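Only one structure is covered here, and it is reproduced in the block below.
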Amino acid sequence: MKNVGLSAGDLSPISLLIQGFNQEGQRTLGMICLKLLIGDMVAETPFQVMDSRTSYNLLLGRPWLHVNGVVPSTLHQCFKYWENGEQKMVYADEIVDDNQEDDEFILKEAPATFEEGGLSTVDGLKKVDLGTKEDPRPTFLSALLSADEEVEYMSLLCGYRDILAWNYTEMPGLDPRVAVHKLVVHPSVQPIKQSQRRFRPELMPEIEKEVDKLIAANFIREVKYPSWIANIVPVKKKNGQIQVYVDFYDLKKACPKDDFPLPITELMVDTMMGHETLSFMDGSSGYNQIQMDPKDEELTAFHTPKGIFCYKGSIRAASTISAQNEPAEMVILCNLRQISGIRCAPPTNGNRPIQNRCNSKEAGAQKHHRTQELSRPLSVYSRFISNLARRCQPFSCLLKKDTPFEWDKSCQNAFNNIKAYLTKPPVLVAPIVDRLLLLYIAVQQKSIGALLAQYDKDNKDRSLYYLSRMLEGTELNYTQIEKTCLALVFAIQKLWHYLFPHSMNLISRADPLKYIMSRPILSGRLAKWALLLSKFEINFVPQHTIKGQALANFLADHPVRAERELTEELPDEEILLVEVLPPWEMYFDDAARRNGAGMGVQFVSLRKDLVPYCSNNEAEYQAILLGFGMAVEMKLPQLNIYGDSALVIKQLTGEFKVKKLELMPFWKHVGELLAKIPKASLHYVPRYENGLADALAGIAASLVQFDDWPSQVPICERR
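The numbering used here numbers the first residue of the sequence shown as 212 and each following residue consecutively.
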């Protein structure tokens with residue numbers, strides 16, 4: 212209706228129920244008459260309007276066909292009608308535009324101004340030549356280097372030009388006398404000969420060219436009667452060149468796997484801390500390959516347009532651990548290894564963003580707006596942002612399927628908070644070997660978080676890694692201790708590579724290890740968690756005994772919204788003298804008798820006047836709640852609270868945890884009232900020093916007073 216310029220006010224009220232084939236009905240909003248033009252036919256047609264999402268915007272029923280004398284034919288995709296005694300036909304559209312259903316949404320190309328200011332995540336490269344005009348030796352340097360740095364790197368590369376290579380003949384690999392790789396094929400596996408694949412005619416010259424390169428470099432040789440035969444797979448690269456690979460799937464399946472783990476990104480990032488430049492080396496051209504045992508060469512046979520060939524010992528034996536093998540290779544054969552000069556860029560600034568995240572060097576004011584324009588996925592920054600899951604909680608639900616996208620003020624505030632956080636470089640450091648790790652875990656209603664820290668040489672705890680994620684599905688129904696266990700398991704699964712070479716202290720409000728190990732029967736997820744945690748050396752440390760920067764930073768990342776903004780201006784600066792009054796004092800106690808239970812509260816004013824009060828509540832918490840209520844009504848600026856219940860005092864000070872659920876409402880309410888008194892302190896006193904409140908609690912006949920306190924007892928309230 213909006214597309215044709217109509218509104219709900221143009222509808223005629225009518226109540227009509229329209230039912231479908233499943234007997235489900237929907238009432239119409241009203242009726243409207245429109246002139247309908249189909250071909251050359253113009254017909255005044257009444258329409259019933261419904262608020263429903265269907266595959267069609269308009270349906271013409273049998274009444275319209277009968278009134279206008281229309282004969283449709285679905286077989287011929289047309290209909291005919293008579294006008295002035297002449298038969299006419301209207302054919303259906305041959306091309307159906309699917310976008311006509313949603314005319315409100317029209318996709319247009321974004322203006323070029325929207326793309327201005329976009330930053331590439333990769334530094335630009337500058338081509339340089341280390342050779343001569345007759346023998347060029349091109350390589351690449353970072354385009355962001357200064358003139359002095361470029362001269363320094365060029366001098367370095369020219370001095371080590373003999374270890375660079377520009378063709379296959381200059382890359383002999385490692386000497387077989389140092390190391391060889393053997394293919395141990397399982398004897399029970401039958402050899403497999405793959406049928407030769409056919410390729411498009413335009414690819415054949417490129418494939419033959421690559422095969423000729425391997426033959427010229429003496430990398431492959433022709434084989435007559437192989438037992439295993441594989442196929443080649445041509446892959447087109449971004450630069451348009453064709454790279455030829457061999458499909459050794461069947462051969463790999465018959466050989467045992469090497470127990471070499473893949474390089475861990477986190478550990479590689481840690482090793483880059485403090486370095487200004489990063490060198491990219493090509494590890495796929497053969498300069499650091501371990502040659503294969505000559506007895507196993509024919510197992511690598513493969514089809515080519517020129518026949519069946521096999522490698523002559525140039526198979527990469529440890530392609531998944533090149534980063535780990537490089538130090539050993541440099542020590543053994545530093546002069547024999549050749550580096551591809553074309554496919555490496557020695558000095559680049561690719562690690563500068565990581566450097567800003569790994570040390571305390573400030574990014575600079577000119578970098579702040581660039582950080583705010585980062586377009587990479589938000590999950591990339593989970594390591595460097597404390598409690599990322601909680602920060603993204605307002606708009607994380609919008610990423611789910613079948614969820615209407617409504618970007619409100621809370622989503623925008625959360626997004627601005629993340630951008631502001633990224634403009635400040637977090638101080639993350641690399642772990643120190645053989646030094647104790649600290650793992651802080653925290654649990655919230657819909658998210659869990661963890662912080663890995665470690666004491667440095669100055670005995671200050673420094674952050675290593677942030678972790679957080681949202682709780683999903685049944686995890687939201689876990690108890691508090693189960694969520695704590697889940698947070699520990701989540702941290703262990705993500706940080707296991709840090710925990711193997713270190714001991715770890717677990718710091719949290721509750722001990723998840725004790726909860727899991729004290730269960731009489733372990734089943735389900737608890738059994739899986741116990742099996743996982745048994746691999747590591749974890750020591751639980753109560754949270755209240757740890758003081759340091761790591762805990763302060765961690766708690767600071769879980770802020771409570773302040774009632775007012777902080778200001779550096781001193782209000783009422785005209786006041787030159789402020790009178791500091793001593794605090795009031797409050798004593799509380801409870802008592803239980805056969806005929807009931809009671810409690811008492813005793814206030815002591817600045818002039819040592821006693822302000823007694825007593826009622827018929829049941830516990831120490833009720834007593835202190837009553838006293839706090841009176842103190843808030845009296846608007847006391849300072850209050851010292853004394854009680855002979857060590858449990859209540861230590862629970863309120865945070866030394867003990869409230870375990871009984873029935874005490875949790877009292878504990879929370881006392882905390883709310885405690886925040887309303889500017890200066891309040893809690894103290895434990897023996898029972899004999901709390902005699903007055905104890906006497907009131909026992910509903911004694913006489914009032915017990917302190918010997919050195921002559922006082923008057925005013926009556927405040929009677930019950």
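Think of the CB as a built atom: it goes at the ideal place given N, C-alpha and C, for glycine as much as any other residue.
The structure displayed is predicted, hence computed values, not measured ones.
- Within a 10 Å sphere around the beta-carbon of VAL457 sit 16 or more other beta-carbons, which makes this residue buried.
- Among the bridge pairs identified by DSSP, THR256 is matched with LEU245.
- Taking the CA atoms as reference points, LEU663 sits about 59 Å from LYS435.
- Cβ-Cβ distances below 7 Å link PRO897 to ASP855 in the same chain, with the five nearest sequence neighbours on each side left out; the list follows chain order.
- TYR292 is the residue among ASP346, HIS287, TYR292, ARG432 whose C-alpha sits nearest the C-alpha of VAL281.
- The residue among THR864, TYR832, LEU874, ALA886 with its C-alpha nearest the C-alpha of GLN849 is ALA886.
- For THR515, the enclosing beta strand (DSSP E) begins and ends at 513–515.
- Per DSSP, the continuous alpha helix (DSSP H) segment holding HIS880 begins and ends at 875–886.
- Judged by their CB atoms, ILE749 and LYS694 are not nearer to each other than the 8 Å cut-off.
- For ARG602, the enclosing alpha helix (DSSP H) begins and ends at 599–602.
- Considering only LEU510, GLU866, GLY335, GLU419, the residue with the shortest C-alpha distance to LYS463 is LEU510.
- DSSP places PRO416 in the uninterrupted alpha helix (DSSP H) bounded by 415–427.
- With fewer than 16 neighbouring CB atoms inside 10 Å of its own CB, GLU873 falls in the exposed class.
- Setting aside the 5 residues that flank it on each side, TRP740 is surrounded in the same chain by CYS696, VAL700, ILE727, each with a C-beta closer than 7 Å to its C-beta; the list follows chain order.
- The three-state reading of DSSP puts TYR632 in helix, counting H, G and I together.
- Cβ atoms of GLN405 and ALA441 come within 8 Å of each other, at about 6 Å.
- DSSP assignment within the stretch 835–871 yields the following whole beta strand (DSSP E) runs of 3 residues or more, N-terminal first: 849–854.
- For ILE443, the pairing in a beta bridge is given by DSSP as VAL457.
- With contact defined as three or more Cβ pairs closer than 8 Å, the stretch 665–673 and the stretch 644–653 are in contact.
- With respect to the C-alpha of LEU270, the residue from ASN279, GLN407, VAL260 having the closest C-alpha is VAL260.
- Between LYS517 and VAL422, the beta carbon gap of about 6 Å places them in contact (Cβ cut-off 8 Å).
- Remark: C-beta atoms of ARG432 and PHE520 approach each other more closely than 8 Å.
- Taking the C-beta atoms as reference points, LEU884 is found no nearer than 8 Å to VAL859.
- GLN604 is positioned such that its CB atom lies no closer than 8 Å to that of LYS668.
- Apart from sequence neighbours up to five positions away, the residues of its chain that approach VAL301 with a beta-carbon distance below 7 Å are ILE249, GLY250, CYS289, PHE290, ordered along the chain.
- Beyond the five residues adjoining it in sequence on each side, GLN237 comes within less than 7 Å, by CB distance, of ILE229, MET261, SER263 in the same chain, given in chain order.
- The beta-bridge partner set that DSSP reports for LEU662 consists of TYR651, TYR677.
- Three or more beta-carbon pairs drawn from the stretch 334–350 and the stretch 365–372 are found closer than 8 Å, and the two stretches are therefore classed as touching.
- Judged by DSSP in its simplified three-state form, LYS890 adopts strand.
- At least 8 Å separates the beta-carbon of GLU477 from that of HIS713.
- Residue pairing of HIS392 in beta bridges, as defined by DSSP: MET503.
- PRO283 has its alpha-carbon roughly 27 Å from the corresponding atom of THR239.
- Assignment of TYR895 by DSSP, reduced to helix, strand and coil, places it in the strand class.
- The three-state secondary structure of MET715, taken from DSSP, is strand.
- For ARG736, no beta strand (DSSP E) encloses it; the enclosing alpha helix (DSSP H) starts and ends at 736–744.
- Looking at GLU361, LYS344, THR343, the one whose alpha-carbon comes closest to that of PHE351 is GLU361.
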